[in-house]
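The structure under discussion appears below in the form of structure tokens.
Residue numbers (full-length UniProt numbering), protein chains in the order written: chain V, 1 to 444; chain G, 1 to 444; chain Z, 1 to 444; chain U, 1 to 444.
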């Protein structure tokens, strides 16, 4: 239990890193981190240095024996690591801006995880993550990979299907919901049981109990809800919520209120620009703050960034894995019979008991009839997207796009896919290499 | 084998009946019908008499010992019957006209089987059919019920879930497809194997072989298709078809080409009126013809009615059940493991081996990944609709409407449901009785 | 959380009761028992009084405000209870003696839970328990029923299939195993994760980790094992254990070492008599002790009785349900997808997370290929026995006996069944009433 | 349809070959065989020549344009073949004699397909068959492999799991049963529907209808049964049969009447010797007959050999595959959902519709509760045996032997396995090579 731990953060130059660092400091007695490696790609070196120096200042202020290492050599960071976390954005915010804006031209929701935007992000990201997994398989085969990279469910499923790395998908939405519940009822988390059913960014909470007493009914009746700052605040219809008998994730508004959410996005685009552009400005301000050589703690402003609790989710999970605490966390894991109509390998987001050898999903009390079709429809799209990401097969990509519940027709799917693939050409070699003339291919 | 058979046709006053009668005449040596009971409700008596007299003339001309009986007493017709077929329309064409026109006001496909129209037809029809089943359970427990009543998949599932009657759902689409294939390739049906996967009005053909040779690829490449007269002729996109690797039912155009199909319906409505109105005119002309006392055969014009091969499908199935021929027919039957992600009781439309004790579904070679979500989404809606039809529970009805893949949002679902329930009030006592003041209820 | 609790112990005159009482005293701060009802049948009144008086003395000595009530009126005890536990023996030790001795005459293992003995116990017990459940449904519909009555898996499954009572099956074997492990490794229970796979009295432990480190391999290599006092101490074969890659329950010796275990039973029968006879003597001595008006604590000798940890298991479970502690316990619960080849309703013995609204089974990491057939074979026998117990159908009983893996042939099964049914005639009205002459039946 | 066919018979020197030849002659108009290759191993060359010459004489007498080719070069025979059938016996009758006699020493059933004998046959045969499959994958990838080689279920499953060859397992027991039924009721086969449920040599018939009328009940009541000449004639118990509600395969007597069948085998061994020795004599007499240069038809005596209808089963299946007849045959195929509790890849023996692209299993009407455990127990043993055959892993082999329902204990399993592996050492290189000293291995 006294083993000193090595942590590697891939995409360590992210603006979220100070949150993680804060977590490692706070919980050092339960998670004895000795080396913290922040790794990023060459173009992110500038940001890596800013964040890295802040991390060093924070740790120095804490007086803890944690060594911070900054590198662009991924393999050095991975080698012998105990925990690896990923938070990356292939194509950076520029690609996200396209993910969000192109679909709007076709009257389709533009969103970086849900809808065609998330599909493109998946196509760009999955090959890169699998490449990282090849390194982990070789250099840190016993490490736990905590994947925050969106679309987290799809990326995690790609890893469990195509790699031997021990990986777990994480999202801040469930922990945010739990925080909201404990604050609503002024209780400690262990007195709340909330049953999550579904997929990443597509879950419903079908049971909420505080000290064993049902609270779901009153929450639905009062139309109370938890929502993140980055999702539009459309109100749920009261009759719908009551008849749903489950609290839907705020991401489900894209499916349940499609026209209004689309209108909202079009308005926002005409106003403050895409979410990517908003985030870009926030990030610039954050890095401005991070650069201050007197700053030696996580600045308050980070909390408005949209990814609240990311760090808490990650550190909690590492602590539970390290100590085998047997507590319950909502994680993205292979299905293996928990949702009876999905394949064993399908990645789902459900409550798990966390043992030292990984999370064990807990049986669901109920999988409401009415949500089964939508879960399966989105999972179908996800699995086709994973296959397309790996094979670069346009036929499969077309089927994924056509069968996405937010895409209204084959015609739109086809045109939208063409434009989005083209716009992402630099990040999708799997789709374009084969079209190269033979002589060019030799040069690749 | 020499047993004389009693047949009861519920909804016997339908314009389709002469087709059935023609079938009974043609195949009398294999299906020795002795009594043919045509039964209809009081308001349909006039049409029943016209059709019934034509049936009598047709049989007289054939010289066969078949007795035709006309009645409005359902129980007399059912008692001791060997085969019962249903072809009914609760609310008649007026209700269908509403099913088709109201959704258009909300920008939603109006169709009598697919979409909200089909949902309303299900809500009206299921209780009536289950009521008939109560009579069959009592008066003809060993009879086979051949259900043609749309939405046939949903109605058949309601019967298998809530009655002990031996029932089979039938549709003319699969037999039409087989006819088209045998005519394309100029072969007899037993040289063609076409694998149907899916639900009623939501199937794909994933294997087509003539003499064991694959023909699916060339059919998809040539974008050749079979379509009924009553579905708009939008062409399939070639790339989509090829990548689908399956021939979609023409009903799938409502899902794959939603905006174009909707536009088409709106145009048609402004032109010739709803399909219900078109059918109404056709029917009036048919009954004009049927009334001719010199007519003693099925008139050619019936074939343009849209339900080609209904009779052939029915008589084929009766012959196979009666003789235990062990031939393959595409039928609506309980799933019981054939489509692995659907419940055992879910009614599916697949190939079956027909034995004397009923159809046995045949294992599917493949259930393509890309169509699984849509199948499950529609089945989810169907099962909620069945439950709503039986309980009259508006919450469940709302969930059914919200989760129908063609309904774009909760707002629209709610408003549309309200208007459609109200429009169907006379046929939906299960939804309205409970609202009655207590004193009124006593009178019901 | 400050609710005062009512507990009903059915079979309260059992020699185990002082253990339970001790538990209620020790954990009163976490489980505020206010009323403890001990209920037994008329013939057990003498023992009930002895045990009941001891219980009163124990509580008096503790100074806690727990009221002990003794009754033969089951309904008074059940009414409004929060927890009900059952520990009964229909036919008492005399019936057990038959269960153990008759099979030996046929060369078959005689055992009160495994084998034909357990089958007879099930046939006698299930109708009685279901009768109690009728009372609970009426008088304490929200109570938790903790079922210790053997064969606990079969009885619990009968209850979940045929009653709406919230019931959980409990056995002392898993808790005994956990105690043994924590003592072997000198750690607290929360540092051990042991994965139980299987059925009651038919489980394997496929993972044992202490602080996340595998200990299963060394336990198997050292042939270390945990066994109860009431099961013969045959040693496991080392090669077998190692290749099994799981620690088998000591009850599995009946299946894996059948001839030796049989021989052992025959020897014992010729020596000290059946286990029932041994237990009878132990019980007599215990009641002698209990009668001592100076005794006001659980006597040490009770631990040799064979049911160590029963009380601890029961009190642990009540505390966790009451407080919603979310700890892991090994319980008998409906399968619902955990063991993929068994029906949803099959009762299995696996790890569960205990919430205030009941136990939620945790996904199994592995279900070894080699044990699947035996699990299914025994579950098949159990389900047939449950059906036979309820219907009194001899055909089903014969199929149960024939298909029990310890019964070597149809001939033996048939003869053994006949003799055992006859010997149990007073307790099996469901099998014998129908044979009564019509005139007698009228009198029943 | 006018393609000329090439057939390869592996193990062509078998005494069964004349039956096959007779079939090819009789059905030449439906199955236009042009080349018939009989292939055998070097030690079987003498028998191959005798049988081959008889085959040539038979064909000459028929006047058909079939060319018979004899060879010991397997690859020549396989190359471009349309159908390949296997009927081999690795280790020949001497190995079978051991399979049958060694278990008896341990009080265990000795049988060449069921029990430890079948396990050894599987261990010897599976690697050889997979080796042949490697050749087929290369030289005749579109060929159909009809596998008669016992244990046929296990061997076929090994092929479908570990090879891409299109293979089907065949047994003469189902066709024998159908022959017996058609003869009992004097009807043509298409008027009988008999539903087979289970595995090869472990099936039950749960529905028997003639012209749609149930005949199972009367067959069970009359204890009528069909049995092959090579299985001992113990009578079924009437009560058992009736309560079983299914007609058991005669191979099930090994499980249901174990002590009597064992006694029977011991008696026979002391009398006429093992079944292998009896067969050896029959075979010698047959080859005597075959050698007669005047013989140009299949001799009557072949029918007493025990494998009646093998040829008919094979030729029927080839005809149906070639012509895509869509008739129903009972075959060994991958489960894929038909028996819900077995894995998809498990080979089962059930009714199939035979299309030109292979057999499609037909849904089972019922899988009786009482037989599920035994099916799963035997399938567990089979799957372990397949794995042991491929890996040569003694641990897995021990688990297979221990968990075989006919093996009474771990002790016996271990000793029996040791002796049988040793006795089969020349045919089990996978189990023994690894024990060789390193220097010897280099020589292999």
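All C-beta atoms, glycine included, are put in the ideal place defined by N, C-alpha and C.
Option in the options with minimal Cα separation from residue i
| i | options | result |
| --- | --- | --- |
| residue 281 of chain Z | Z:154, Z:97 and Z:73 | Z:97 |
| residue 310 of chain Z | Z:20, Z:4, Z:13 and Z:99 | Z:20 |
| residue 191 of chain G | G:199, G:181, G:200 and G:322 | G:181 |
| residue 71 of chain G | G:91, G:370 and G:44 | G:44 |
| residue 260 of chain Z | U:411, U:84, U:334 and U:328 | U:411 |
| residue 105 of chain Z | Z:431, Z:420 and Z:432 | Z:420 |
| residue 378 of chain G | G:170, G:271 and G:346 | G:346 |
Beta-carbon separation (whole angstroms), residue i vs residue j, contact threshold 8 Å
| i | j | result |
| --- | --- | --- |
| residue 103 of chain G | residue 416 of chain G | 6 Å |
| residue 354 of chain U | residue 196 of chain U | With a Cβ gap of about 15 Å, residue 354 of chain U and residue 196 of chain U do not count as contacting. |
| residue 372 of chain G | residue 341 of chain G | 6 Å |
| residue 81 of chain U | residue 158 of chain U | Between residue 158 of chain U and residue 81 of chain U the Cβ distance is about 21 Å, and since that is not below 8 Å, they are no contact. |
| residue 17 of chain G | residue 55 of chain G | 6 Å |
| residue 316 of chain G | residue 212 of chain U | Not quite, the Cβ-Cβ distance comes to about 17 Å (not below 8 Å), so this is no contact. |
Sheet register partners of residue i (DSSP bridge)
| i | result |
| --- | --- |
| residue 226 of chain G | Note: residue 226 of chain G sits in no beta bridge, so no partner. |
| residue 86 of chain G | G:10 and G:147 |
| residue 194 of chain Z | Z:208 |
| residue 18 of chain Z | In the DSSP output, where bridge partners are listed per residue, residue 18 of chain Z has none listed. |
| residue 69 of chain U | U:37 |
Residue i in three-state terms, based on DSSP
| i | result |
| --- | --- |
| residue 395 of chain V | helix |
| residue 209 of chain Z | strand |
| residue 279 of chain V | helix |
| residue 293 of chain G | coil |
| residue 443 of chain V | At residue 443 of chain V the pLDDT is 41, less than 50, meaning the model places this residue with poor confidence and gives no usable figure here. |
| residue 201 of chain Z | coil |
| residue 432 of chain Z | helix |
| residue 374 of chain U | helix |
| residue 155 of chain V | helix |
| residue 350 of chain Z | strand |
| residue 214 of chain V | strand |
Report task. Using a Cβ-Cβ cut-off of less than 8 Å, list which residues of the segment 183–197 of chain U approach chain G; keep chain order. Result -> 190, 191 and 193
Query raised in the report: Listed in chain order, which residues of the segment 365–382 of chain Z have Cβ atoms closer than 9 Å to some Cβ of chain U?
Result: 368, 369, 370, 371, 372, 373, 374, 375, 376, 377, 378, 379, 380 and 381
Query - Members of the segment 388–407 of chain V near chain G, C-beta cut-off 7 Å - result: 395, 398, 399, 402, 403 and 405
Query raised in the report: At a Cβ cut of 9 Å, what residues of the segment 108–138 of chain Z count as close to chain U, listed as they run along the chain?
Result: none
Requested in this report: Determine which residues of the segment 313–342 of chain U have a Cβ less than 7 Å from any Cβ of chain G, and write them out in chain order.
Outcome: 324, 326, 328, 336, 337, 338 and 340
Report task. Using a Cβ-Cβ cut-off of less than 8 Å, give me the residues of the segment 259–270 of chain Z that come near chain U, in sequence order. Result -> 259 and 260
Query raised in the report: Got a sec: which bits of the segment 145–174 of chain U sit with their beta carbon under 8 Å from any beta carbon on chain Z, in order along the chain?
Result: none
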